[in-house]
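Enquirer: With our numbering applied, the sequence shown has no gaps in its numbers, which climb one by one up to 771 at the end.
This structure is in structure tokens; I'll ask about it shortly.
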Amino acid sequence: MGKYGFFSDDGLEYVVTTPHTPRDWFNFFWNPTYLACAGNSMNGASLYQNEAGVVTNLFGKQDMREDPRWIYIRDNDTGEVWSAGYLPCHTEFDDFEQRHGLGYTILRTLANGIRVTFRLFVPRKWMGEIWTISIDNETRKKRDLSIFTVSNIMLDGVNMPYGYVGGLSAEYLPKDNMLFFRNMTYTVVDEKYRAFMACDRKINRWDVSKDHFLGRTRNYACPQKVLEGKLGNSVASAEYLVGACQHNMKLDAGAGRTMNFVLGIVLDEAEARKFVRAFDTPKKIEAELAAVRKQNVDRLGGLKLATPDEDFNRLFSVWLKQELYLMADWARFYFKGYRDTCQDSAGMSIVNTDLALAMLKKALRNQRSDGFCPRAFRVASMDIAAADKHYADSPSWISHATDALLRETGDLSILDQVVPYSDKGEGTVWEHNLRAMEFLWNDRGDLGLSKVHYGDWNDLMDKVGVKGKGQGVWMSFALARVLKLVGAIAEARGEKQLAATCAERYETLKKAILKHGWDGKWFLYSINDDGMPIGTSKAKEGRMFINPQSWSVLSGVVSPEEYTRIAQTLEPHVDTPVGPVHNWPPFTKYQHGIGQLTGTPPGFFTNGNVYCHAAGFKVAADFEAGRADKAFDTFMRILPAEEKGEPYAQVNGYVGPTAMRMKRHVSDDPWRTGTVAWNFLNCVDRLLGFRRQIDGVRIRPLLPSKWKQAAYQRPFRGTVFDVEIKRGTTPGVTVDGQPIEGDFIPVGPAGLGKKTVKVVCTIEK
């Protein structure tokens, strides 16, 4: 048990035992069109988004996660007010427990003899969420209480003009026992910019005007109407909104009462009524929650770990899969990044092959017929102008996802599936790969290196190649890997000439990288429009970047031994207790020839912070170089831990050591990261050594020296591989008790024709 909580025995829940975690710990709930999160006090953001990218924020935004789902309890005999969560009243509890599950969260607190249970989940199809609130009197006397259930209704999103509040209004609909909120701004009259809050118990009083509810000089910590014990039955027009419901109750000793609330985003009142009717009894609500839980457990699949680290097992057997599904369904929330979708697809191939293929095809439908790929699609905001700009790396991730799918399935016919281009025409999956490769190959500069235009994987290096001349060393490594992957697939398809062309191009590019990208002890990151090298030992800031070094071996341009020498040169400078920083030293002054990265405060985002995605690349590189202990050490540093963030979810990054703030090494963005996909590739393919090939699998684990054994169950092409890894004096692999030569097990697309196979891999002591 940790300082702040623990996993349940089955790993399906994380139990938080105190509200005073280092920062709010969030759980996420979603369906294809509605996303919500809840922190320690059930505070959080929620939004609706359709495939066109239209977004409506119900309450809170992704970067404003302190917005309320508040419950206030008022003792009408004493006038005392407290909250069901620590916020907003800073309530100290006699008992506190919060259970985060797959698709739901339950908060249970006890204060002043009143136990409150607050359960939240998102139904599978409707655009909204369901709250179940129970109030129990655990004292020996009758209690006269008022319960105030409150949410901050925003109804903003995309295409909101300045002063949009003029389009807001709200009222109580007595026939429906429902608060109804409208945004009738002219830009969104045909979109889902209306919302409701309904309850299965008669609402005694209400407020929809935020100013009226809070009072002129108060905030959510002590709203005027809650202190008075009587909401004002307000209406709202051209003002900020609140959803506040009051329920008065007198509870005998030991008695309790339960209320169910349904909140959602709708087009009109009629849709709201349909939503409410779908969940108008406790039986319907419990059935829906059971279906949500079953759906989330069933899709975890059969991959199960049994390593010496129980929390590691629970992460990869349960919680990181849940996070990977969030990334698959919602990517980075307000948009779907091209690189993000492709990398998430590669990781998802291990967990859910059908979904991984659907994700790849979704990305391919957003590729132009000339091979160009945008930075993002399903873009939620006019502000994300980067979506249509030329970020050079987008096409390079298509082969990454395709290769992972082929290695998982062994099914080359996937390449023959036809997918339309975004502008005109259509092509097979294979043709999409080839057009991406050709686009990248033809987009090189005078040094023979890949151009970077508005940026590559690092969005913030947006001025390096904006004039069309700047070239990237990391980007060239990425292209080299594309050539390797496409060449290998061509070989498997029997396209010898294409494979030879890829090999020839690879050698040409390799020579250019070694000639122009090598700085003497490590590789540059890029060379900008004016010929200035970035990531050079001659610079005062930004002397070294970890990504080019990692990708030098991932692309095969340097040998494992050469990579190890490079890594050992950088590691004394970049390593921290929570993993390697992205670049060192961080930039402190803006440089016009580099861009936004240099204007980012040191220690944040990719300017000297531990950006876990980049650290994940380094974990992969260290495994590829055979540095098992180093790879595992870095892996564990970036994985979730309670002093850094949610112990059950991978974060995007950790604040770097040079940050100008008191707390360093804490995480800055929960759940939303491409790291989780690389975590699966690094864990299953590399650490546990289940090395997928198109024609089978190699069992080649790279356990850390402190692990004496490990085991896992891995579904693969219809057969569950029950793999045991142990140390011994005679290395080798047995399959169902029979030794095999080497470590390769042939497996066709149809599998081995048996449900399970027992594999024992003995590695050196």
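Cβ coordinates follow ideal geometry from the N, Cα and C atoms, glycine included.
By the three-class DSSP mapping on this structure, what secondary structure does N685 have?
Expert: Three-state DSSP puts N685 in a helix.
Enquirer: What is the DSSP secondary structure of V21, counted as helix, strand or coil?
Expert: DSSP places V21 in strand when its eight states are reduced to three.
Enquirer: Report all residues from its chain with a CB closer than 6 angstroms to the CB of S351; omit the five preceding and five following residues, and keep chain order.
Expert: Excluding positions up to five away in sequence, the list reads A362, M365, L366, A407.
Enquirer: Where in the stretch 430-481 do unbroken runs of the alpha helix (DSSP H), each at least 4 residues long, occur, reported from the N-terminal end onward?
Expert: Runs of the alpha helix (DSSP H) inside the stretch 430-481: 435-448.
Enquirer: Do A518 and L421 have their C-beta atoms closer together than 8 angstroms?
Expert: Not closer than 8 angstroms, so no.
Enquirer: Distance check for W713 and P676, CA to CA, integer angstroms please.
Expert: When rounded, the distance between both Cα atoms is 29 angstroms.
Enquirer: To the nearest angstrom, report how far apart Q373 and C379 are at their CA atoms.
Expert: Using only the alpha carbons, I get a separation of about 5 angstroms.
Enquirer: Check the DSSP bridge columns for I153 and list the partner residues they point to.
Expert: According to DSSP, which records beta bridges pairwise, I153 is partnered with I79, H253.
Enquirer: Who are E135's beta bridge partners in DSSP?
Expert: According to DSSP, E135 bridges with L269.
Enquirer: Just mark Y20 as buried or exposed, buried being the case when its beta carbon has 16 or more other beta carbons within 10 Å.
Expert: Buried, by the Cβ-count rule.
Enquirer: According to DSSP, is W677 part of a helix, a strand, or is it coil?
Expert: The answer is coil: DSSP assigns W677 none of H, G, I, E or B.
Enquirer: Along the chain, which unbroken stretches of the alpha helix (DSSP H) at least 4 residues long are found entirely within the stretch 309-391?
Expert: Taking only runs of at least 4 residues, the alpha helix (DSSP H) segments lying wholly in the stretch 309-391 are 316-320, 326-336, 344-354, 359-370.
Enquirer: Grab me the residues of G451's own chain with a C-beta within less than 7 angstroms of its C-beta, minus the 5 sequence neighbours each way, in chain order.
Expert: Hits under 7 angstroms: K457, K475, Q477.
Enquirer: Would you list the one or two residues that DSSP bridges to T123?
Expert: In DSSP, T123 forms a bridge with R114, S140.
Enquirer: Return the chain-ordered list of same chain residues with a C-beta closer than 8 angstroms to the C-beta of K527, the five sequence neighbours on each side being excluded.
Expert: Answer for K527: S543, I572, T575, listed in chain order.
Enquirer: Looking at C-alpha atoms only, which residue of V766, T507, Y718, I705 is the closest neighbour of G734?
Expert: It is V766.
Enquirer: List the endpoints of the continuous alpha helix (DSSP H) containing G622.
Expert: Unbroken alpha helix (DSSP H) run through G622: 618-630.
Enquirer: For I540, which three-state DSSP category applies?
Expert: Strand, per DSSP.
Enquirer: Taking Cβ to Cβ, would you say I552 is nearer than 8 angstroms to H588?
Expert: For I552 and H588, yes; Cβs fall inside 8 angstroms.
Enquirer: Which residues in the same chain have their Cβ closer than 8 angstroms to the Cβ of S711, if we skip the five residues on either side of it in sequence?
Expert: Correct list, in chain order: A634, D635.
Enquirer: Please list, in chain order, all residues of the same chain as G353 whose beta carbon is under 7 angstroms from its beta carbon, the five residues on each side excluded.
Expert: So the list reads L330, V682, A683, W684, F686, L687, once near-sequence residues are dropped.
Enquirer: Quick check on the DSSP output: the beta strand (DSSP E) that includes N553 runs from which residue to which?
Expert: Counting along the chain, N553 falls outside any beta strand (DSSP E), though it belongs to the alpha helix (DSSP H) covering 552-560.
Enquirer: Does the stretch 547-565 come into contact with the stretch 493-500, if we say contact requires no fewer than three beta-carbon pairs (one atom in each stretch) closer than 8 angstroms?
Expert: Flag = no, the stretch 547-565 and the stretch 493-500 do not touch.
Enquirer: Indicate whether L306 and Y718 have their beta-carbon atoms separated by less than 8 angstroms.
Expert: Their beta carbons are not under 8 angstroms apart, which means L306 does not touch Y718 by this criterion.
Enquirer: Return helix, strand or coil for L237, following the three-state DSSP convention.
Expert: If DSSP states are grouped into helix, strand and coil, L237 belongs with coil.
Enquirer: Between K9, K147, T768, L161, which lies nearest to T24 when the distance is taken from Cα to Cα?
Expert: Checking every option, the nearest Cα to that of T24 belongs to K9.
Enquirer: Taking all protein chains shown into account, decide if A391 is buried (16 or more other Cβ within 10 angstroms of its Cβ) or exposed.
Expert: Bear in mind that the predicted position of A391 carries a pLDDT of just 49, short of 50, making it too unreliable to give a figure here.
Enquirer: With 16 as the cutoff for other CB atoms within 10 Å, does D274 come out buried or exposed?
Expert: So D274 ends up on the exposed side.
Enquirer: A665 and G585: beta carbons closer than 8 angstroms?
Expert: The answer is no: Cβ separation not under 8 angstroms.
Enquirer: When the Cβ atoms of the stretch 147-154 are set against those of the stretch 251-264, are three or more pairs found closer than 8 angstroms?
Expert: Touching, yes.
Enquirer: Leaving out the 5 sequence neighbours to the left and right, which residues in its chain are closer than 6 angstroms to H26 when beta-carbon positions are compared?
Expert: Excluding sequence neighbours, H26 sits near nothing in its chain.
Enquirer: To the nearest angstrom, report how far apart V266 and S243 are at their CA atoms.
Expert: One detail in the question is off: residue 266 reads as Asn in this sequence, not Val. Taking the straight line from one Cα to the other gives about 27 angstroms.
Enquirer: What are the start and end residues of the beta strand (DSSP E) that includes Y178?
Expert: Taken as a continuous stretch (DSSP letters only), the beta strand (DSSP E) holding Y178 covers 174-179.
Enquirer: Does the stretch 102-109 come close enough to the stretch 55-62 that 3 or more CB-CB pairs lie under 8 angstroms?
Expert: No, because fewer than three Cβ pairs between the stretch 55-62 and the stretch 102-109 fall closer than 8 angstroms, the two stretches do not touch.
Enquirer: Out of P752, K131, E135, R207, point me to the one whose CA is closest to F154's CA.
Expert: Of the listed residues, the one whose Cα sits closest to F154 is R207.
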